[in-house]
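Adding 9 to a residue's 1-based position in the sequence shown gives its number in this note's numbering.
Quick reminder that beta carbons are idealized off the backbone N, C-alpha and C, glycines included.
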Amino acid sequence: MNTEEKASYTWKYGTYLACRNMGVFTINLYFVDDFFTEIYFNRKNNKVGWINSFRDDRCFEPYLDMIEIGI
10 MNTEEKASYT
20 WKYGTYLACR
30 NMGVFTINLY
40 FVDDFFTEIY
50 FNRKNNKVGW
60 INSFRDDRCF
70 EPYLDMIEIG
80 I
């Protein structure tokens, strides 16, 4: 699949989890099937820049500050 097809599949079948910003990109994290996908959306040109899929939990590090745990 090309980038647009991957993005469409993710938006249709994935579960949105979180969002973060990095430079000109808004990065949305999704859970799809049995892996996680980040969609890098370029705010300057309103297009998907690239897609990063992973299963490795080290990729969650940028999102850990967004999690609030109440005791």
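Please classify residue i as buried or exposed, where buried requires at least 16 neighbouring CB atoms within 10 angstroms.
{"i": "glycine 32", "result": "exposed"}
{"i": "asparagine 37", "result": "buried"}
{"i": "tyrosine 22", "result": "exposed"}
{"i": "glutamate 70", "result": "exposed"}
Is residue i helix, strand or coil by DSSP?
{"i": "methionine 10", "result": "coil"}
{"i": "arginine 52", "result": "coil"}
Between the C-alpha atoms of residue i and residue j, what's the straight-line distance to the nearest angstrom?
{"i": "cysteine 68", "j": "phenylalanine 34", "result": "17 angstroms"}
{"i": "glutamate 13", "j": "tyrosine 72", "result": "24 angstroms"}
{"i": "threonine 24", "j": "aspartate 42", "result": "9 angstroms"}
{"i": "tyrosine 64", "j": "phenylalanine 44", "result": "Here the sequence assigns arginine to residue 64, which means tyrosine is not the residue at that position. So the two alpha carbons sit approximately 5 angstroms from each other."}
Name the one or two DSSP bridge partners that residue i has.
{"i": "threonine 46", "result": "Tyr39, Ser62"}
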